Every structure is written in C-alpha cells, then in structure tokens.
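Asks: Take 0 as the starting number for the sequence shown in numbering that gives the first Met the number 0 and just add one per residue.
Structure provided below as structure tokens; questions to follow.
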Amino acid sequence: MSEVEARIRARLFEMQDLKYRDFTAKLTPTVPPERVIGVRTPALRKYAVELSRTADAAAFMALLPHLYQEENNLHAFLIERIADYDACVAALDAFLPYVDNWATCDSMSPKCLKKQLPRLIGEIRRWMASDQVYTVRFGMGMLMRHYLDEAFYPAYLDWVAALRSEEYYINMMISWFFATALAKQWDATLPYFESRRLDPWVHNKAIQKAVESYRIPEDRKILLRGQKIR
C-alpha cells in the first residue's frame with residue numbers, strides 16, 4: 000500500500016459508521032460486505048472537496064483498482080470536480096472499467112459534461128457499446144440525465160431499445176430510462192410500448208416505474224397499465 004493510499008484509507012475509517020455500513024452492504028450485493036467501510040455520502044463528498052485541493056488526489060486516482068467501495072465512491076466524486084471536459088472524459092474512461100456496483104455508477108455526474116452536449120453524445124454512444132456492465136449503465140444514465148429534455152432526439156430511444164442484455168443492472172437502467180422518457184417525451188416514447196419494442200421484462204418494469212411516478216398523469220397511467228405484457 001502506498002503512503003497516499005494509507006492516508007486516505009485511514010481517513011475513511013475515521014468516518015466509519017457501522018450501522019450505515021450494514022445498510023449499504025445490503026443495497027449493493029455485487030460488493031462483498033468486507034469491502035464496505037460505511038461512510039455516509041455527505042461526509043464522503045466533503046472529503047472529496049478537501050482532497051481535490053491536494054496532490055494526493057491525482058496520486059490516489061492513479062491507484063486502480065481500489066479495494067473498498069468508499070474508495071471507488073471517493074474516486075467518482077473526485078472525477079465530478081474535474082472542470083476540463085477532455086480531462087474528465089479521460090478520467091472516466093480510466094475509472095469506469097473498475098466500477099462494480101450501481102451506487103458508484105449512478106452517483107457520478109460530472110458538471111462539466113453538460114456544458115459539452117454535442118461532444119458528449121459521441122462518448123455516450125461509445126460507452127453504451129462497451130462490454131462492461133457499469134460502463135453501459137453509466138452511458139445510459141448520462142443519456143437519460145442530459146438528453147430527454149431540450150437536447151432530445153427520437154433516435155436516442157432507438158439506441159436504448161436496441162440493447163439486449165442478461166445483466167440485471169443494465170436491464171434496470173433501460174427500464175428507468177424508458178420510464179423517464181414516458182414522463183418527459185410521452186408522444187415519442189409510447190409507441191415503443193404499443194409495438195412491444197422492448198424485452199418483455201424491461202417493458203413491464205418500465206411501466207411499473209412509470210405508474211409509480213408522480214410526473215405522469217393518472218389517465219396516462221391507466222393507458223400504460225393496459226400495455227403490460229401478461
């Protein structure tokens with residue numbers, strides 16, 4: 000273990016909350032429980048701000064793979080603080096293959112990316128074509144976060160609908176994407192359900208999520224319930 004890694008790990012254990020550790024371990028079953036320290040997210044984000052102002056940040060980010068989930072989350076929060084678009088994408092490309100759980104994946108949303116949407120869409124297409132589960136999930140997450148409002152094009156729905164996977168965490172993100180698309184782009188999205196364009200499990204899970212959403216009116220929820228695959 001390097002001196003930088005030892006310092007950072009010791010700091011993380013100083014912030015350990017054992018009850019939160021047990022809670023987190025249940026939520027991220029892809030991470031062995033012994034690799035969860037138990038640091039609450041606000042404390043971890045605060046530490047990321049502090050660490051980002053030191054030379055230890057770059058040294059730590061070069062130490063892949065990390066052992067603990069909180070080290071991965073800290074790495075994700077350090078990436079969020081990168082202001083330069085190209086440097087941020089490079090950091091993501093280096094880190095994404097080592098992401099091993101949905102929580103680390105979904106918590107990472109660098110602000111600099113949304114300032115370069117015409118460029119980012121190419122990166123998203125590339126990430127979605129990856130053979131790495133959480134790289135694909137991250138790409139879909141960025142598409143959902145940034146391209147279902149003013150930057151929306153109907154072809155983006157085709158990109159996600161074309162994905163087929165046996166991976167639970169990819170299929171859950173496809174469902175989440177289409178549920179969000181129903182809330183934001185109803186007219187463009189409904190035909191994907193009417194024509195059964197999605198995998199049946201994804202189709203039904205997306206409807207479930209949409210029906211649970213407060214953003215979709217009740218009359219549309221009634222219509223969606225009628226589209227479930229029995």
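Each residue gets a CB set at the ideal place from its N, CA and C atoms; glycine is no exception.
This structure is a prediction, so every number in the text was calculated from the model and none was measured.
Roughly how many whole angstroms lie between the Cα atoms of Arg-52 and Tyr-155?
Replies: Roughly 37 Å between the two C-alpha positions.
Asks: With H, G and I counted as helix, E and B as strand and the rest as coil, what does DSSP make of Tyr-152?
Replies: In this structure, Tyr-152 counts as coil in the three-state DSSP scheme.
Asks: Is the CB-CB distance between Ile-36 and Glu-13 below 7 Å?
Replies: No, the pair does not count as a contact, with Cβ atoms beyond the cut-off.
Asks: Could you tell me whether the Cβ atoms of Ala-24 and Pro-32 are closer together than 7 Å?
Replies: For Ala-24 and Pro-32, yes; Cβs fall inside 7 Å.
Asks: Is the Cβ-Cβ distance between Lys-208 and Ser-174 less than 7 Å?
Replies: Result yes, Cβ atoms of Lys-208 and Ser-174 sit closer than 7 Å.
Asks: Report buried or exposed for Ile-221, applying the criterion of at least 16 other Cβ atoms within 10 angstroms of its Cβ.
Replies: Under this definition Ile-221 is an exposed residue.
Asks: Determine the contact status of Arg-214 and Ala-182, defining contact as a CB-CB distance below 7 Å.
Replies: Yes. Within cutoff.
Asks: Restricting to Cα atoms, I'd like to know which of Ala-187, Ala-150, Tyr-191, Arg-144 is closest to Met-172.
Replies: Selected option, being the one with the closest Cα: Arg-144.
Asks: Could you tell me which of Arg-44, Leu-66, Arg-20, Lys-18 sits nearest to Ala-5, measuring between CA atoms?
Replies: Ranking the options by Cα distance to Ala-5, first place goes to Leu-66.
Asks: For Lys-72, report the span of its alpha helix (DSSP H) as first-last.
Replies: A small fix is needed here, since residue 72 is Asn in this sequence, not Lys. 68-79 is the extent of the alpha helix (DSSP H) around Asn-72.
Asks: When the Cα atoms are used, what is the spatial distance from Leu-62 to Tyr-97?
Replies: Their Cα atoms are separated by approximately 11 Å.
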